[in-house]
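In this text, residue positions in the sequence shown follow our numbering: the first is 5, and each later residue adds one.
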Amino acid sequence: MDNKKYMQLALEEAIKGRYQTHKDPIIGAIIVKDDQIIAQGHQDNFGQDHIIKRLISSLDSAQLQGATLYTNFEPCASFSEGGSCTDLIIKSGIDQVVIGQTDPRGSHAVERLLDKKINVKVGILEKEARQLNQHFNYFYENGRPFITVKQTNSLDHMVSAANSPRVVLNNPAVINRIHLERANYQAIIIGSSTVIQDNPNLLTSVETDFPPIRVILDRRGRLLNHQGLNALNDEKAPTWIFTENLNLKKINFKDHVRVFEMSTGTLGEVLDLLRAEEIQSLYVEGGPSVEKSFMDEGLVDAIVDYVKPIYFGEIGISGPVPSRSLDLENIKVETLDDNIRIAGDVKKPVKNTDAYTEW
Numbered sequence: 005m006d007n008k009k010y011m012q013l014a015l016e017e018a019i020k021g022r023y024q025t026h027k028d029p030i031i032g033a034i035i036v037k038d039d040q041i042i043a044q045g046h047q048d049n050f051g052q053d054h055i056i057k058r059l060i061s062s063l064d065s066a067q068l069q070g071a072t073l074y075t076n077f078e079p080c081a082s083f084s085e086g087g088s089c090t091d092l093i094i095k096s097g098i099d100q101v102v103i104g105q106t107d108p109r110g111s112h113a114v115e116r117l118l119d120k121k122i123n124v125k126v127g128i129l130e131k132e133a134r135q136l137n138q139h140f141n142y143f144y145e146n147g148r149p150f151i152t153v154k155q156t157n158s159l160d161h162m163v164s165a166a167n168s169p170r171v172v173l174n175n176p177a178v179i180n181r182i183h184l185e186r187a188n189y190q191a192i193i194i195g196s197s198t199v200i201q202d203n204p205n206l207l208t209s210v211e212t213d214f215p216p217i218r219v220i221l222d223r224r225g226r227l228l229n230h231q232g233l234n235a236l237n238d239e240k241a242p243t244w245i246f247t248e249n250l251n252l253k254k255i256n257f258k259d260h261v262r263v264f265e266m267s268t269g270t271l272g273e274v275l276d277l278l279r280a281e282e283i284q285s286l287y288v289e290g291g292p293s294v295e296k297s298f299m300d301e302g303l304v305d306a307i308v309d310y311v312k313p314i315y316f317g318e319i320g321i322s323g324p325v326p327s328r329s330l331d332l333e334n335i336k337v338e339t340l341d342d343n344i345r346i347a348g349d350v351k352k353p354v355k356n357t358d359a360y361t362e363w
C-alpha cells in the first residue's frame, strides 16, 4: 500500500479538528484493508474518546483482522476507562500501524505494539505531522509555550506618527487574517497600556469552544482605574491578569476574569505560570514595549510582521527594535490587498530568563 498517500489523508482528516482539540494533539486516523479505506475520522473535541478508539469500536472483528491503521500521531498507551488506544489496537486484529510522529510526552505505544508482533512504521510524512502539532510538540519538548510575536508597522518600521492623527496601519484583509490567526494560539498576550489605550476585544472569528485566553500584563495595577474595558466585561473569552498589585485580587471581576499574583515582575515568571496552566502557545499582540521585551529576552520562536507600504519619515515613532539580532527561516511573504505579511521562524535558540521587564 502507498503509506504516504494514506498518511496524507490522515493529516487532512486531522486538520478538520484543529480548533477544537485544545490541549490535546490534533489527530486524524484512517483504517485501511485490502487497499480500501474502511474507517476514517479526526479528534473533534477536547476530552472526548480518542479517535482511534472510536474508529476501532465502529468496526467488527472481521473487518479489523489484517487491517492497517494510519495516524499522524502516536496512539495513547496510558490507562483509561475501556483501555488505551494501544490496548484496543492490540486486541483488534490490526496487524500494521503507520505513524507520522511519536508522542513527545513518551507514549511508549510503539514499543508495546512491537512487543505484540504488530508491524509498526514510524516517521511517514514526519515533517508534516510535526508541523501540524508544532505548538504541542514545542511545549512538551522545551518546557514552555511556543511564542509568536506579531508586529504591525510601516516600511520604515514606524508604528505611528508623532503629534498627528492616528494612522490605521492594518487594512480590512489584515484585520480578518489576525482574527483568524488568533485561533491558532491558546493565549494572546498584551500589555495594560495597549489595552487601556485601544480597548480591544482580542477575539477570534473562528467558532471554537476554546477561544484564546486574553492575557494582560499589568504589573503595577493600572486596570484598577479602567474596569469598564471590553476584555474585563464581555465574557466572550477568558481574561487573565498578571500583576504585582494585590489590590486587583480584591476586585469583584466577572467569572471569566482571573488575577495571577506575581512576585518578580519578569516574563520568565509569566511563562512559568502559563506553563503550570498547560498553555502551549502564545500570540504576542503588543504593545511595542511588550513585543520588544519578548525579543530582547530571546523569548520568541516566530515573527509575523504586517507592513503597510508607507513611510512616516522623521515624524514617525519607531516600532520595537530588539537588542539582539534575530535571524528568520522558513520565511513566507504574501500580500493582503495593499499590505504585506512577512512570517518566519526564529533560528536563534531561545531561553528563559529572569531579566526584569517594565510593562
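All C-beta atoms in this analysis are idealised placements derived from N, C-alpha and C, irrespective of residue type, glycine included.
Can you tell me whether residue i is helix, strand or coil according to DSSP?
{"i": "I60", "result": "helix"}
{"i": "Y360", "result": "Note that Y360 scores a pLDDT of 42, beneath 50, so its modelled location is shaky; the value from the coordinates is reported in the next line. If DSSP states are grouped into helix, strand and coil, Y360 belongs with the strands."}
{"i": "Y142", "result": "helix"}
{"i": "K120", "result": "coil"}
{"i": "G21", "result": "helix"}
{"i": "E16", "result": "helix"}
{"i": "S111", "result": "coil"}
{"i": "I55", "result": "helix"}
{"i": "L159", "result": "coil"}
{"i": "A66", "result": "helix"}
{"i": "K27", "result": "coil"}
{"i": "M5", "result": "coil"}
{"i": "N167", "result": "coil"}
{"i": "V126", "result": "strand"}
{"i": "I41", "result": "strand"}
{"i": "Q190", "result": "coil"}
From the DSSP secondary-structure annotation, give me the bridge partner or partners of residue i.
{"i": "T247", "result": "E265"}
{"i": "D349", "result": "A306, E333"}
{"i": "N175", "result": "Paired residue(s): none; N175 is not in a bridge."}
{"i": "F77", "result": "Q105"}
{"i": "N203", "result": "Bridge partners of N203: none, in fact."}
{"i": "G32", "result": "H46"}
{"i": "T152", "result": "Y287, A306"}
{"i": "G185", "result": "Note that residue 185 is Glu in the sequence shown, not Gly. DSSP, once it has assigned bridges, lists no residue as partnering E185."}
{"i": "G195", "result": "L221"}
{"i": "K312", "result": "S158"}
{"i": "G320", "result": "A165"}
{"i": "L340", "result": "N343"}
{"i": "Q100", "result": "T72, N123"}
Is the beta carbon of residue i less than 9 Å from the beta carbon of residue j?
{"i": "I1", "j": "V304", "result": "Absent from the model: residue 1. The displayed extent of the chain is 5 to 363, so no value can be given."}
{"i": "F140", "j": "P29", "result": "yes"}
{"i": "I42", "j": "Q67", "result": "yes"}
{"i": "R186", "j": "Y74", "result": "no"}
{"i": "I344", "j": "P313", "result": "yes"}
{"i": "L207", "j": "H230", "result": "no"}
{"i": "H46", "j": "G21", "result": "yes"}
{"i": "G104", "j": "F143", "result": "no"}
{"i": "S3", "j": "I321", "result": "For the chain, the structure presents residues 5 to 363; residue 3 sits outside this window and is missing."}
{"i": "A71", "j": "K37", "result": "yes"}
{"i": "K253", "j": "E239", "result": "no"}
{"i": "L233", "j": "N203", "result": "yes"}
{"i": "L340", "j": "V178", "result": "yes"}
{"i": "E301", "j": "G269", "result": "no"}
{"i": "F257", "j": "R223", "result": "no"}
{"i": "E132", "j": "Q12", "result": "yes"}
{"i": "Q190", "j": "P169", "result": "no"}
{"i": "T90", "j": "S65", "result": "no"}
{"i": "S61", "j": "S197", "result": "no"}
{"i": "G291", "j": "G195", "result": "yes"}
{"i": "N7", "j": "K95", "result": "no"}
{"i": "V153", "j": "E295", "result": "yes"}
{"i": "I335", "j": "G317", "result": "no"}
{"i": "E281", "j": "Y23", "result": "no"}
{"i": "A14", "j": "Q40", "result": "no"}
How close, in whole Å, do the beta carbons of residue i and residue j come, if the pair is a contact with beta carbons under 8 Å?
{"i": "D160", "j": "Y310", "result": "Actually they are not in contact, since the Cβ atoms of D160 and Y310 sit about 15 Å apart, beyond 8 Å."}
{"i": "V350", "j": "A306", "result": "6 Å"}
{"i": "L136", "j": "I19", "result": "7 Å"}
{"i": "I192", "j": "V219", "result": "7 Å"}
{"i": "I122", "j": "Q138", "result": "About 29 Å separates the two Cβ atoms, so there is no contact after all."}
Would residue i count as contacting chain B if we go by Cβ distances under 9 Å?
{"i": "I35", "result": "No chain B is present in this structure, which holds just one protein chain."}
May I ask whether a heavy atom of the ligand SAH can be found less than 8 Å away from the beta carbon of residue i?
{"i": "D238", "result": "By its list of ligands, the structure shown contains no ligand whatsoever, and the ligand SAH lies outside what it can speak to."}
Quick check for students: name the residue ranges of the beta strand (DSSP E) that lie wholly in the region 206-258, counting only runs of 3 or more. 217-221, 243-247
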